Amino acid sequence: MDFKLEVAKLIEAELDNALENVDTFIEIPPDTKMGDFAFPCFRLSKALRKSPNVIAEELATKILAKKSVLVENVVALSGYLNIFVNKKLFVETILKEVVLKKEKFGSSEMGKNRNIAIDYSSPNIAKPFHIGHLRSTVIGNALYNMYNFLGYHSVGINYLGDWGTQFGKLIVAYKKWGNKEEIEKSGIQELTKIYVKFHEEAEKDDSLNDEARAFFMKMQEGDEEALSLWKWFYGISMNEFERIYKILDISFDNYNGESFYNDKMGRVVNELKQKNLLIESDGAQIVDLEAFNMPPCLIIRRDGGTLYATRDIAAALYRKDTYDFEKCVYLTALDQNLHFSQFFKVIELMGYEWAKNLVHVPFGLVSLETGKLSTRKGNVVLMEEILTEAIAKTRDIIEEKNSGLPNKDEVARQVGIGAIKFNDLYNGRIKDVVFSWERMLNFEGETGPYVQYAHARACSILRKSGVENFDMEIDYSLLDDESSVAVCKLFSQFAERVVDATNRHEPSVVARFSVDLAQAFNKFYYDNAILNGEEALKNARLVLVYAVKNVLDTSLGLLGIARPEQM
RNA sequence: GUACCAGUAGCUCAGUAGGAUAGAGCAACGGCCUUCUAAGCCGUGGGUCAGGGGUUCGAAUCCCUUCUGGUACACCA
Numbered sequence: 002m003d004f005k006l007e008v009a010k011l012i013e014a015e016l017d018n019a020l021e022n023v024d025t026f027i028e029i030p031p032d033t034k035m036g037d038f039a040f041p042c043f044r045l046s047k048a049l050r051k052s053p054n055v056i057a058e059e060l061a062t063k064i065l066a067k068k069s070v071l072v073e074n075v076v077a078l079s080g081y082l083n084i085f086v087n088k089k090l091f092v093e094t095i096l097k098e099v100v101l102k103k104e105k106f107g108s109s110e111m112g113k114n115r116n117i118a119i120d121y122s123s124p125n126i127a128k129p130f131h132i133g134h135l136r137s138t139v140i141g142n143a144l145y146n147m148y149n150f151l152g153y154h155s156v157g158i159n160y161l162g163d164w165g166t167q168f169g170k171l172i173v174a175y176k177k178w179g180n181k182e183e184i185e186k187s188g189i190q191e192l193t194k195i196y197v198k199f200h201e202e203a204e205k206d207d208s209l210n211d212e213a214r215a216f217f218m219k220m221q222e223g224d225e226e227a228l229s230l231w232k233w234f235y236g237i238s239m240n241e242f243e244r245i246y247k248i249l250d251i252s253f254d255n256y257n258g259e260s261f262y263n264d265k266m267g268r269v270v271n272e273l274k275q276k277n278l279l280i281e282s283d284g285a286q287i288v289d290l291e292a293f294n295m296p297p298c299l300i301i302r303r304d305g306g307t308l309y310a311t312r313d314i315a316a317a318l319y320r321k322d323t324y325d326f327e328k329c330v331y332l333t334a335l336d337q338n339l340h341f342s343q344f345f346k347v348i349e350l351m352g353y354e355w356a357k358n359l360v361h362v363p364f365g366l367v368s369l370e371t372g373k374l375s376t377r378k379g380n381v382v383l384m385e386e387i388l389t390e391a392i393a394k395t396r397d398i399i400e401e402k403n404s405g406l407p408n409k410d411e412v413a414r415q416v417g418i419g420a421i422k423f424n425d426l427y428n429g430r431i432k433d434v435v436f437s438w439e440r441m442l443n444f445e446g447e448t449g450p451y452v453q454y455a456h457a458r459a460c461s462i463l464r465k466s467g468v469e470n471f472d473m474e475i476d477y478s479l480l481d482d483e484s485s486v487a488v489c490k491l492f493s494q495f496a497e498r499v500v501d502a503t504n505r506h507e508p509s510v511v512a513r514f515s516v517d518l519a520q521a522f523n524k525f526y527y528d529n530a531i532l533n534g535e536e537a538l539k540n541a542r543l544v545l546v547y548a549v550k551n552v553l554d555t556s557l558g559l560l561g562i563a564r565p566e567q568m
């Protein structure tokens, strides 16, 4: 039973069809003293030819006369109809639902039998995994979990940047200045070094760029030498990436990167030609988008090489064929906005009605205090470094606060990584962020460890209680105090918050919910002694603690954050 | 030049189908560990919601405009 809907029905019954979908207008008052739900009467004023306050008063009288068990009191207050619900019944209803549904509480089947393709993380091969790749990885992973929670089937795709002229550059660089032993020893670090050198040299001598493009052409044509070097670089990178994904505890259903589409681009080019979309311009093959107020979309280079957009179009066609997705979601920085608008438009022009189901989910730019991120200029913070620092700092805090903790190393990893992930999930995606060690390693207030800590506290109480199966036949009237009711109210909002978060592709909604719930629980924890109370009270509060533990577990799980039972 | 994004407390941000006195965290200051984990809790101070118009009973939210910051715009991805 949903109290909001029930309250809406009570109001609707008194309105003589003056307003539809009353439930969508129901609000939660800013202060609990003003009630649990409120209905603004202003918009009815004109139709009913009465002042909002008179309407509210009349509604209050009528609803009170019906003596519904749901309602404790109804008052009119400055144009609002304010409803106080029966606390005992409210708490009982929601707690029973949470405990009964457990990890399924808040989930749904709205996405049953439908697939969602999610393209996230997608780092470039032969470049180090750094702070700039974190947001896509973490947000994409959360969306993957959220869609699954709503009954969809998510397909997680790591669209590796493993093809393109950049490899031509790398090959040229290796042939000119590379050292096999050094690369085998230091991996990506050494590859980056020669890649940077290439760019320095190419500034002086543009012919190097031509050489690079020629080598990429060889790769496209299947040249053995070029491909074997490429495979070597690929393996080195994947080793490093997989190590990092393992620490982050994030995985993918496939790693079909750009190279995967090398043999699937002919279709794109042929189709574009067939549909008369491809035109020649300045030696290159393009799709003209002037009618849509956009620069042209480049499909084939003057020398015959393919481009980013060509591969993205091939990938979208392949994904549609393979997964028959309801939506294909791309997690990249906002600065790629134009690129996505362009190739989405090309797919639409090709006559694919599903082009509207391609969704670019952009996020703001990450930079450092020293300026823009740049692998070439060495202005980056490596992922490895962040992970190590966060885990080490957590380890120190554990030593200081809870040195007797079992599994210190594992918990340090869970909490340290939790802090890093949460840091990228808590604010709206679109905000630009300047990386700050101080913020990243702050474990107080609105942070991952704060929520994890509340969860660990709940676990600790449950463990000490010794109770394993909760008797739901408790006296719910013992839970009508303000902090208990506040916790239950959050439970009642969980499902709609998850739906909202998923629709908007905004995991921060869930992250903020988890903080709200942790805050409400911490307050409850201080207001109420749990284990030391008399039996009936203890049993009632334990059920509430158990419910909190479950919902925190679920919310953190959606965000991809670990839930240690002690910390 | 054109387009996209952002501008809310000292800092980082919530506030998204317009609604009651604009909310958190951090930082500052003051309290709370003989009580279930103080990574916690309670309290104080702090706002021209970038500026200006407009729509509305009502605007941080919608429309117009100006300013500021960020980003993208042909053979990189």
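Going by the numbering used here, the first sequence opens with residue 2, and the numbers climb by one from there. All C-beta atoms, glycine included, are put in the ideal place defined by N, C-alpha and C. Model, not experiment: these values are computed from the prediction.
Asked	Found
What does DSSP give as the partner residue(s) for tyrosine 81 in the beta ladder?	Pro41, Leu78
Per DSSP, what kind of secondary structure is alanine 292 in: helix, strand or coil?	helix
In the DSSP assignment, find the beta strand (DSSP E) that holds phenylalanine 364 and state where it starts and stops.	359 to 364
In the DSSP assignment, what residue or residues form a beta bridge with cysteine 329?	Ala118, Leu359
Assuming contact is defined by CB atoms lying nearer than 7 Å, are threonine 311 and methionine 266 in contact in what I supplied?	yes
Within its chain, find whatever has a CB closer than 6 Å to the CB of isoleucine 64; leave out the 5 residues flanking it on each side and keep chain order.	Leu11, Val75
Exposed or buried, leucine 559, counting other C-beta atoms within 10 Å across all chains shown (16 or more means buried)?	buried
For arginine 115, which residues from the same chain have a beta carbon less than 6 Å from its beta carbon, with the 5 sequence-adjacent residues on both sides left out?	Tyr153, Glu327
Between serine 342 and proline 407, what straight-line distance do the alpha-carbon atoms span, to the nearest angstrom?	52 Å
Taking isoleucine 475 and valine 544 to be in contact with their CB atoms under 8 Å, please state how far apart those CB atoms are, rounded to whole angstroms.	6 Å
Which first and last residues belong to the alpha helix (DSSP H) in which histidine 154 is found?	Per DSSP, histidine 154 belongs to no alpha helix (DSSP H); it is in the beta strand (DSSP E), 154 to 158.
Could you give the uninterrupted runs of the alpha helix (DSSP H) lying entirely in the stretch 304 to 352, keeping only those of 4 residues or more?	309 to 324, 338 to 350
So, do the stretch 103 to 119 and the stretch 317 to 335 have three or more beta carbon pairs nearer to each other than 8 Å?	yes
Can we say the stretch 123 to 132 touches the stretch 233 to 243, given the rule of at least three CB pairs closer than 8 Å?	yes
Just the Cα atoms here: how many angstroms apart are glutamate 28 and serine 52?	20 Å
Considering only residues of the same chain and omitting the five flanking positions on each side of aspartate 528, which have a CB-CB separation below 6 Å?	Ser484
Where does isoleucine 301 sit, in a helix, a strand or coil, going by DSSP?	strand
Just tell me which of Thr166, Asn54, Asn83 has its CA closest to the CA of phenylalanine 199.	Thr166
Going by other Cβ atoms of all chains shown within 10 Å of its Cβ, with 16 needed for buried, is asparagine 540 buried or exposed?	buried
So phenylalanine 1 and phenylalanine 130 are supposed to be a Cβ contact under 8 Å. How far apart are they, rounded?	With the chain covering 2 to 568 only, the question about residue 1 has no answer from this structure.
Which first and last residues belong to the alpha helix (DSSP H) in which glutamate 445 is found?	That residue, glutamate 445, is in no alpha helix (DSSP H); it is neither H nor E in DSSP.
Suppose you measure from the CA of arginine 377 to the CA of glutamate 202; what does that come to, to the nearest Å?	12 Å
How big is the Cα-Cα spacing for leucine 49 and phenylalanine 38?	22 Å
With distances taken from CA atoms, which of Ile387, Phe444, Phe514, Phe4 is nearest valine 92?	Phe4
Under 8 Å: do the stretch 466 to 473 and the stretch 392 to 408 share three or more Cβ pairs, one atom per stretch?	no
For the beta strand (DSSP E) containing glutamate 110, name the first residue and the last one.	Glutamate 110 -> no beta strand (DSSP E), and no H or E assigned at all.
Look at the alpha carbon of serine 46 and the alpha carbon of isoleucine 56, and state the distance between them as a whole number of angstroms.	8 Å
Between the Cα of leucine 151 and the Cα atoms of Leu532, Gly107, Lys176, which residue gives the shortest distance?	Gly107
Quick check on the burial criterion: 16 or more other C-beta atoms within 10 angstroms. Buried or exposed for methionine 2?	exposed
Roughly how far, in whole angstroms, is the beta-carbon of phenylalanine 1 from the beta-carbon of isoleucine 132, given that I think they are within contact range, below 8 Å?	Past the edges of the chain, shown from 2 to 568, lies residue 1, and the structure says nothing about it.
Distance check for valine 347 and glutamate 272, CA to CA, integer angstroms please.	11 Å
Since serine 493 is in the alpha helix (DSSP H), which residue starts that stretch and which ends it?	483 to 504
Going by the CB atoms, is the gap between threonine 395 and alanine 413 shorter than 7 Å?	yes
What is the rounded straight-line gap between the Cα of cysteine 298 and the Cα of arginine 136?	27 Å
Rounded C-beta distance between lysine 88 and aspartate 481? I'm assuming under 8 Å.	4 Å
For arginine 430, count the other beta carbons within 10 Å of its own beta carbon; 16 or more makes it buried, fewer makes it exposed. Which is it?	buried
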